[in-house]
Structures are given as C-alpha cells and as structure tokens.
Amino acid sequence: MINMWNRIVYVAVPVLLIGLLVLAAGCSEFSIEPRMFSTSFSYDLGITSTEPLSNVTLYLPLPVKNGKPMAGPVILTQQYFENENFSVELVQAPPGINLSGMYPVADNQPWFLKIKAAQVFPDNHNAIFRVSVDNFTRTNSPLQFIETRYPLDNESVFLPKRDFQPLVPAPADSLSLHSLQYSPILISQEIPIYIEYTASPAARVKVSSSIRGGNFWKERYDESGYNSYSDYYSWTNWDESQGWQTAKGKFGYADGPYPNLSHPVWQAVISPTATQ
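Position 210 (the sequence shown) corresponds to 210 in full-length UniProt numbering; numbering is contiguous.
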C-alpha cells in the first residue's frame with residue numbers, strides 16, 4: 001500500500017509541477033507589457049543610365065516636413081548629396097515650375113535637389129548617382145511614435161503632388177483587443193521633376209526616390225508590432241530628355257497594427273508611474 005502511494009506521488013508531483021510551470025508561463029506571457037519602442041526612417045535617391053549623359057540638369061523633389069527638407073528627424077543639407085561628378089544645390093523655386101493643380105500643404109513648401117554636370121559615365125551597375133539616409137531612434141514611450149496614419153501633414157513626404165486627393169483610413173477588424181487596425185491606403189500619384197540631358201537613343205535613364213517611416217515595439221515573449229507609411233516616385237526614359245516631366249509613384253499609409261492607448265495594457269505603459 002505504501003509502495004503504491006509512493007508511486008502515485010512519484011508520478012503526480014512532476015505532472016503537477018509541469019502544469020504549474022505551464023500555467024505560470026501562460027500567465028506571464030500575457031502580463032509582459034509592450035516595450036522596446038523605436039522609430040525608423042529610410043530615404044533613398046538613385047539615378048541610373050545605360051549610356052553616358054551630357055549637359056545634365058535635374059531638379060528632383062526632396063522629402064519635406066515643416067517647411068524643411070527632412071528625412072524624419074534628419075535635416076537634409078547639401079552635404080548629404082555632394083558628389084565629385086556633379087554640382088549640387090538645394091533650391092525652393094526651380095525655373096518654369098507650375099504649381100497650379102498641386103496638392104497644397106500649409107507651411108510646407110517643396111524643396112528640390114538641383115544636380116548639374118557637363119558629362120557623367122555610369123559605373124558597372126549603371127549607377128551614376130545614389131544617396132541613402134537611414135535613421136533609427138529608440139523612444140521611451142509609444143506617445144513618441146511618428147504619425148504613420150496621417151503622414152501627409154505630419155511627416156516627411158514628397159511635394160508637390162499633382163491632382164492628389166488624400167483618403168482617410170477606415171477602421172478595420174483587429175486581431176487583438178489592445179491594438180487598432182485600419183484598411184491600408186495606397187494612392188497612385190504624379191510628381192513633377194525636371195530632367196534635361198543629351199544621350200544616344202540607346203540610353204535608358206531611370207530616376208527613383210523613396211521615403212519610408214515606421215514604428216516598432218515588442219510585446220509578450222516573441223511578438224512584435226510594426227506600422228508604417230511610404231512615399232515613392234520613379235521616372236524611366238529612353239533617349240534624351242528636355243524640361244519638366246511627370247514621375248509616377250505610390251503614397252501608402254496606415255499599414256499595420258496600432259496601439260490602442262485606451263486599453264489597460266497600454267495605459268500601464270504610458271502612465272506616469274510606469275517603468276520604462
């Protein structure tokens with residue numbers, strides 16, 4: 001009888017301990033608060049050509065915020081674009097630009113990168129000009145996240161936009177009670193750019209630029225959240241080009257889950273007594 005009891009205890013105790021560990025793990029998984037908040041920006045500008053170009057003059061829109069050329073928190077100065085093969089300058093009023101029918105943003109006038117060169121030669125990858133600016137910032141709170149739901153009036157975007165009509169993100173079903181979801185917006189757009197150069201009829205020239213911003217955080221043990229916006233334009237041409245052209249692109253925002261700051265999980269994080 002005693003041996004039988006010992007066997008029962010020998011089997012039951014480990015099973016009970018395992019059950020308690022599983023229960024504790026399950027509870028702790030849901031008790032770990034959102035953490036490791038960060039924001040990021042990535043800006044790129046690239047020009048490629050399959051043939052040499054001569055008498056080059058370009059005016060390319062830069063991302064702007066609050067009336068300044070910016071990639072997130074980074075102010076884009078002339079030094080970011082300096083290149084031994086080109087002369088560069090940041091300007092606000094390119095000659096011959098017509099802003100009628102352009103999308104207006106109050107106190108946020110366009111900025112352009114002026115590029116000039118007598119002659120340029122592509123490298124082995126057809127590249128003749130490339131700039132990349134990346135920024136990663138850790139934040140103490142989701143209250144410091146960037147505005148990816150309504151970036152047009154709040155974050156770095158390309159201006160001007162021709163015949164542009166922004167849309168308001170519509171709420172969508174969320175997979176979690178403590179997060180919000182929206183139907184992502186993706187709008188086709190036209191951006192005016194000035195492209196002048198001479199080249200052989202075989203020359204294929206491409207100009208493209210993009211800005212992307214996002215918010216990131218961790219929660220529980222292996223889950224994470226990320227939302228973002230993006231602004232992009234591209235122009236491709238064969239042969240030479242003279243004057244103002246229209247680049248095509250996409251403007252996307254409200255992509256990803258968002259913190260539901262009224263939920264207790266997030267209230268515990270943003271309260272003044274929360275441990276960051």
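The C-beta atom is built at its ideal place from N, Cα and C for all residues, glycine as well.
If you draw a straight line from the Cα of residue 42 to the Cα of residue 229, it comes to about 11 Å. Taking one beta carbon from each stretch, the stretch 139 to 146 and the stretch 101 to 119 have fewer than 3 pairs nearer than 8 Å; the two do not touch.
Its Cα nearest to that of residue 192, the residue 232 stands out among 139, 258, 232, 87. Taking 9 Å as the cut-off, the beta carbon of residue 252 is found closer than this to the beta carbon of residue 186. Here residue 137 is exposed. Its C-beta has fewer than 16 other C-beta atoms within 10 Å. Distance from residue 93 to residue 54 at the Cβ level is roughly 26 Å; contact not present, criterion being Cβ atoms closer than 8 Å. Bounds of the alpha helix (DSSP H) holding residue 264 are 264 to 270.
Under the 10 Å beta carbon count, residue 121 is surrounded by fewer than 16 other beta carbons and is classified as exposed. If you compare the alpha carbons of 133, 181, 236, 150 with that of residue 73, the shortest gap goes to 133. Scanning its chain for C-beta atoms nearer than 6 Å, with the 5 sequence neighbours on each side dropped, one finds around residue 196 the residues 57, 242, in chain order. DSSP places residue 255 in the strand class (E or B) of the three-state scheme.
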